[in-house]
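See below for the structure under consideration.
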Amino acid sequence: MKILVVGSGGREHALCWAISASPLCGTLWCAPGNAGIRDVASCVDIKADDVDGLVAFATSNAVDLVVVGPEQPLVLGLVDRLTAAGIKAFGPSQAAAALEGSKGFMKDICAKYGVPTAAYRRFTDAAAAKAYATEQGAPIVVKADGLAAGKGVVIAMTLEEAHAAIDDAMLHGRFGSAGAEVVVEEFMDGEEASFFALCDGTHALPLVGAQDHKRVFDNDQGPNTGGMGAYSPAPVLTPELQDRVMREIVEPTVKGMAAEGKPFTGVLFAGLMIVASPEGPKPRLIEFNARFGDPECQVLMRRLKSDIVPLLLATCDGQLDHVDVRWYDDPALCVVMAAQGYPGDYVKNTAIGGLEEAGKVDGVTVFHAGTKADGDRVLANGGRVLGVTAMGKTVAEAQALAYQAVDRIRWPEGFCRRDIGWRALEREKAEREKA
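Here the sequence shown is numbered in this note's numbering, starting from 10 and rising by one per residue.
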């Protein structure tokens with residue numbers, strides 16, 4: 010098969026890495042790709058949001074399958090355009106991608122189809138939004154309705170912070186048109202986790218859970234980021250809780266979207282809060298994403314035992330009830346290396362050495378995110394630059410291997426958190442002490 014992956018981050022490197030291992034894959038392209046992706050695919054200089062360019066390339070090269078990595082081209086309708094051109098595409102239609110593209114739409118779907126999530130209201134008027142926030146009290150959450158590159162959510166611990174977040178989005182235009190409407194919602198307290206399921210418009214096939222680390226510094230300090238590391242499985246998501254997530258969150262959403270005439274195909278990423286209750290922990294939905302997470306995709310692809318290509322095809326063809334998916338039991342852990350200054354202004358075009366030595370650590374794969382090639386050199390070209398990913402018999406072993414590889418990378422202008430996986434390590438320690 011001729012396959013095109015769209016995107017340039019760590020998620021897309023992990024997808025290309027998994028797809029390239031499939032016996033079904035003949036030719037593999039990635040647009041625009043990065044310096045690491047060129048080892049497993051041919052990089053094509055077309056931006057991920059250049060819908061016309063991507064459709065023209067896929068048509069002229071008789072591409073059999075397009076796998077869309079990031080959310081922007083989904084929301085722009087890339088899958089619709091490819092489908093109209095007779096090209097199979099993995100990902101939701103523009104209408105279904107509104108589950109990620111509009112937080113208000115997502116909350117309305119949850120309310121209509123009984124998906125457990127935080128209480129909320131939608132606003133296009135800043136004064137009304139502030140009045141509602143004041144009435145509810147802090148802590149409270151303010152979200153820009155549209156895509157804001159992961160920066161549109163403010164967890165306001167005071168009313169002053171809530172009002173400032175509303176002003177930033179609606180009056181000061183911080184997120185452009187994405188902030189013209191805001192969602193103000195109840196603050197949920199608990200432990201966050203991510204869960205993924207493939208959806209073919211009718212059926213949903215559960216994948217696995219993961220846990221991301223959003224804050225930039227150790228001990229969950231500092232501003233939120235796109236994700237500084239992840240691991241899978243997430244011990245907080247017990248088999249019982251995963252069944253509940255499918256039953257109470259994923260399946261009602263798939264049925265609801267079909268009933269709305271917007272069937273969801275692709276991967277549904279449920280961002281969850283596991284909250285305490287008298288009956289025990291229960292999952293509540295924070296938000297949906299319409300694509301694989303980054304860096305969660307890196308740990309999922311490392312643990313995936315099945316050939317990914319038949320899974321992608323079954324998703325596109327409405328055949329998910331005819332396939333199963335197998336996983337390695339061993340945990341995988343990813344440490345993100347970012348450029349100094351991230352998530353604010355960061356340094357660019359700095360040289361990275363030691364990548365080959367890092368990749369020689371047993372069980373380690375170094376996925377590239379924000380990199381570009383400069384002859385034989387690899388340069389940092391983004392905020393999150395590398396995803397050093399390892400598998401081990403335990404989370405502790407996977408963590409040790411990942412940091413061993415990190416320490417072989419020569420990049421003074423980069424940094425990483427040193428505590429990725431800390432919640433799982435605490436659980437492993439408690440289990441050992443119990444034994």
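Where is the CB? At the ideal position from N, CA and C, for every residue including glycine. Just so you know, these numbers come straight off a predicted model, no measurement behind them.
For this session: Check each candidate in 151, 277, 386, 238 and name the one with the smallest Cα separation from residue 216.
Result: Here residue 216 corresponds to residue number 207 of the sequence shown, with the count starting at 1. Considering only 151, 277, 386, 238, the residue with the shortest C-alpha distance to residue 216 is 277.
For this session: Within its chain, find whatever has a CB closer than 6 Å to the CB of residue 133; leave out the 5 residues flanking it on each side and keep chain order.
Result: Residue 133 sits at position 124 when you count from the first residue of the sequence shown. Spatial neighbours of residue 133 in its own chain (CB-CB distance under 6 Å, excluding positions within 5 residues in sequence) are listed in chain order as 190.
Problem set entry | Residue from 413, 97, 78, 331 whose Cα sits closest to the Cα of residue 375 | If you number the sequence shown from 1, residue 375 lands on position 366. Ranked by how close their Cα comes to the Cα of residue 375, the residues 413, 97, 78, 331 have 413 in first place.
Exercise. For residue 196, which residues does DSSP report across the bridge?
Worked result: As a position in the sequence shown, residue 196 is number 187, starting the count at 1. Paired residue(s): none; residue 196 is not in a bridge.
Exercise. Once you ignore the five residues that flank residue 200 on each side, which residues in its own chain have a CB closer than 6 Å to its CB?
Worked result: Here residue 200 refers to the residue found at position 191 when the sequence shown is read from its first residue. Closer than 6 Å at the Cβ level, and outside the excluded window around residue 200, lie 245, 283.
Exercise. How close, in whole Å, do the beta carbons of residue 64 and residue 91 come, if the pair is a contact with beta carbons under 8 Å?
Worked result: Locating residue 64 in the sequence shown gives position 55, counting from the first residue. Locating residue 91 in the sequence shown gives position 82, counting from the first residue. About 6 Å; that satisfies the 8 Å criterion.
Exercise. Residue range of the alpha helix (DSSP H) that residue 219 falls in?
Worked result: Position 210 of the sequence shown holds residue 219. Careful: residue 219 lies outside any alpha helix (DSSP H), inside the beta strand (DSSP E) at 213-221.
For this session: May I ask which residues mark the beginning and end of the alpha helix (DSSP H) holding residue 431?
Result: For the purposes of this step, residue 431 is taken as the residue at position 422 of the sequence shown. Residue 431 -> alpha helix (DSSP H) spans 431-443.
Problem set entry | Among 44, 31, 16, 15, the one whose alpha carbon lies nearest that of residue 9 | No statement about residue 9 is possible, as the shown extent of the chain runs from 10 to 444 and does not include it.
For this session: Would you kindly report the start and end of the unbroken alpha helix (DSSP H) that includes residue 34?
Result: The count along the sequence shown starts at 1 and reaches residue 34 at position 25. Under the DSSP assignment, residue 34 falls outside any alpha helix (DSSP H); it carries neither an H nor an E label.
Exercise. For the 8 Å Cβ check, are there 3 or more pairs between the region 163-173 and the region 128-147?
Worked result: The region 163-173 is in contact with the region 128-147.
For this session: For residue 202, collect the residues of the same chain with a Cβ closer than 7 Å to its Cβ; drop the 5 residues on either side in sequence, then sort them by chain order.
Result: Taking the first residue of the sequence shown as 1, we reach residue 202 at position 193. So the qualifying residues of the chain are 218, 220, 243, 245, 246, 281, 283.
Exercise. For residue 59, does the three-state DSSP call read helix, strand or coil?
Worked result: Along the sequence shown, read from residue 1 onward, the residue named residue 59 stands at position 50. In this structure, residue 59 counts as coil in the three-state DSSP scheme.
For this session: Tell whether a beta-carbon distance below 8 Å holds between residue 393 and residue 238.
Result: Sequence index remark: in the sequence shown, residue 393 carries index 384 (1-based). Sequence index remark: in the sequence shown, residue 238 carries index 229 (1-based). Against a cut-off of 8 Å, the Cβ pair of residue 238 and residue 393 comes out as no contact.
For this session: Using the Cα positions of residue 248 and residue 254, report the straight-line distance between them to the nearest angstrom.
Result: Your numbering for residue 248 matches position 239 in the sequence shown. Your numbering for residue 254 matches position 245 in the sequence shown. Residue 248 and residue 254 have their C-alpha atoms spaced approximately 10 Å apart.
Exercise. Is it true that the CB of residue 344 sits closer than 8 Å to the CB of residue 417?
Worked result: Taking the first residue of the sequence shown as 1, we reach residue 417 at position 408. Taking the first residue of the sequence shown as 1, we reach residue 344 at position 335. Going by C-beta atoms, residue 417 is not nearer than 8 Å to residue 344.
Problem set entry | Straight-line gap, residue 318 to residue 415 (C-alpha atoms, nearest Å) | The count along the sequence shown starts at 1 and reaches residue 318 at position 309. The count along the sequence shown starts at 1 and reaches residue 415 at position 406. Between residue 318 and residue 415, the C-alpha separation is close to 30 Å.
Exercise. Hey, out of 41, 25, 16, 224, whose CA is closest to residue 34's CA?
Worked result: The count along the sequence shown starts at 1 and reaches residue 34 at position 25. Comparing Cα positions, the closest option is 25.
For this session: Would you mind working out which of 192, 85, 208, 151 sits nearest residue 327, comparing C-alpha positions?
Result: Here residue 327 refers to the residue found at position 318 when the sequence shown is read from its first residue. Comparing Cα-Cα distances from residue 327 to each of 192, 85, 208, 151, the minimum goes to 208.
Problem set entry | Own chain, CB closer than 6 Å to residue 194, minus 5 neighbours either side, in chain order | As a working mapping, residue 194 is identified with position 185 in the sequence shown. 127, 129, 150, listed in sequence order.
Exercise. Is it right to say residue 331 is buried, meaning 16 or more other beta carbons lie within 10 angstroms of its own, or is it exposed?
Worked result: Position 322 of the sequence shown, counting from 1, holds the residue named residue 331. When all chains shown are included, residue 331 counts as exposed.
Problem set entry | residue 232 versus 309, 131, 160, residue with shortest Cα-Cα distance | For the purposes of this step, residue 232 is taken as residue 223 along the sequence shown, with counting starting at 1. Nearest option by C-alpha distance: 160.
For this session: Return the CA-CA distance between residue 163 and residue 144, expressed in angstroms with no decimal places.
Result: On the sequence shown, position 154 is the one that residue 163 refers to. On the sequence shown, position 135 is the one that residue 144 refers to. Rounded to the nearest angstrom, the two C-alpha atoms are 18 Å apart.
Exercise. Where does residue 230 sit, in a helix, a strand or coil, going by DSSP?
Worked result: Mapped onto the sequence shown, residue 230 falls at position 221. Reduced to three states, the DSSP call for residue 230 is strand.
Exercise. Across which residues does DSSP place residue 97 in a beta bridge pair?
Worked result: Here residue 97 refers to the residue found at position 88 of the sequence shown. The partner list for residue 97 (beta bridge, DSSP) reads 74.
For this session: Please classify residue 179: is it buried, with 16 or more other beta-carbons within 10 angstroms of its beta-carbon, or exposed?
Result: Indexing the sequence shown from 1 puts residue 179 at position 170. Buried, because 16 or more other Cβ atoms sit within 10 Å of the Cβ of residue 179.
Exercise. Is residue 426 helix, strand or coil when you go by DSSP?
Worked result: Numbered from its first residue, the sequence shown carries residue 426 at position 417. The answer is coil: DSSP assigns residue 426 none of H, G, I, E or B.
Exercise. Near residue 122, what residues of its chain come up, given a Cβ to Cβ distance below 6 Å and the 5 sequence neighbours on each side ignored?
Worked result: Counting from 1 along the sequence shown, the entry for residue 122 is found at position 113. If we look at residue 122 and ignore the five residues flanking it on each side, its Cβ neighbours are 261, 265.
Exercise. Do you know whose CA, among 362, 313, 361, lies nearest residue 338's CA?
Worked result: Counting from one through the sequence shown, the residue named residue 338 turns up at place 329. Per the Cα distances, 313.
For this session: Taking residue 261 as part of the alpha helix (DSSP H), name the residues at either end of that continuous run.
Result: Your numbering for residue 261 matches position 252 in the sequence shown. Boundaries of the alpha helix (DSSP H) harbouring residue 261: 260-268, taken from the DSSP string.
Exercise. Is residue 181 helix, strand or coil when you go by DSSP?
Worked result: The count along the sequence shown starts at 1 and reaches residue 181 at position 172. Coil.
Exercise. What three-state label does DSSP hand residue 248 in the structure shown?
Worked result: In the sequence shown, counting from the first residue as 1, residue 248 sits at position 239. Here residue 248 sits in helix by DSSP.
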